Amino acid sequence: MQLFLDTTDVSVLKDLTATGLVDGVTTNPTLIAKSGRPMLEVIAEICSLVEGPVSAEVAATEVEGMLKEGAKLAAIAPNVVVKLPLTRAGLIATAEFAVQGIQTNVTLCFTAAQALLAAKAGATYISPFVGRLDDYGATGMDLIAEIRAIYDNYEFDTEILAASIRTPTHVTQAALAGADCATIPPTVFLDLFKHPLTEKGLDQFMKDWAQTGQSIL
Ligand code: G3P
């Protein structure tokens with residue numbers, strides 16, 4: 036399973052890519068606004084830090100604008116993935132980018148039928164929003180399982196990118212449901228390392244080791 040960071044915070048990104056566990060990055064207009072920086076500059080900097088896919092989202096809502104913006108974003112670096120909303124216009128643009136060999140991430144997916152359309156349009160990634168479905172009173176993770184079954188039934192290549200991830204449990208459940216990737220906020224990524232028994236156990240090991248008076252080196 037590939038783990039992406041859902042962030043535009045370059046200093047956090049530098050810190051976490053040092054783990055060797057970050058396979059890519061996703062961004063969205065909200066995260067760009069949060070960065071307070073020009074989008075093209077942030078995406079270029081992220082692409083210089085991460086070899087894997089970096090999703091950059093269009094702001095246009097009609098096909099022509101999406102195609103122009105997507106082409107501009109894709110020209111920033113070879114690892115840019117053009118992110119498009121799951122609308123009729125978004126899927127027409129997705130199909131055109133597929134013909135051009137430009138990678139796409141179709142975002143704001145809330146039903147398996149939407150994911151089916153995205154795969155038929157030739158999307159590279161589909162982003163089902165797990166946490167926002169949970170907020171809405173549904174079980175977001177069910178959507179991942181449904182999409183997995185549909186994509187496997189018809190051997191679609193579109194990768195399932197579990198998004199709107201809020202907890203380490205979401206990451207575990209997405210992995211169990213067969214998501215190809217999950218995009219994770221930095222705070223949740225840091226939480227993935229942690230368990231109280233790991234900390235307690237290590238503390239005890241260090242105390243016992245100190246009592247031996249030994250040194251390995
Ligand atoms: O980037 C899309 C997605 O991960 C947003 O998550 O927490 O705003 O629902 P959230």
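Taken in order, the sequence shown gives residues 36 to 252; the numbers are from our numbering.
Just so it is clear, CB atoms sit at the ideal spot from N, CA and C, and this is done for glycine as well.
Please read all numbers here as calculations on a predicted model, not as lab measurements.
| Item | Value |
| --- | --- |
| Beta-carbon within less than 6 Å of residue 197's beta-carbon, same chain only, minus the 5 sequence neighbours each way: which residues are those? | 165, 179, 209, 214, 217 |
| Considering Cα atoms alone, identify which of 113, 230, 95 is closest to residue 81. | 113 |
| Within its chain, find whatever has a CB closer than 7 Å to the CB of residue 151; leave out the 5 residues flanking it on each side and keep chain order. | 185 |
| In the DSSP assignment, the alpha helix (DSSP H) including residue 134 goes from what residue to what residue? | 123-135 |
| Using only the heavy atoms of the ligand G3P, determine whether one of them is closer than 7 Å to the beta carbon of residue 166. | yes |
| Under a three-way DSSP split, which group does residue 160 fall into? | strand |
| Between the stretch 75-93 and the stretch 228-246, do at least 3 Cβ pairs fall closer than 8 Å? | no |
| Taking the beta carbon of residue 211 as the centre, do at least 16 other beta carbons fall within 10 Å, making it buried, or is it exposed? | exposed |
| Under 7 Å from any heavy atom of the ligand G3P, does the C-beta of residue 139 make it? | no |
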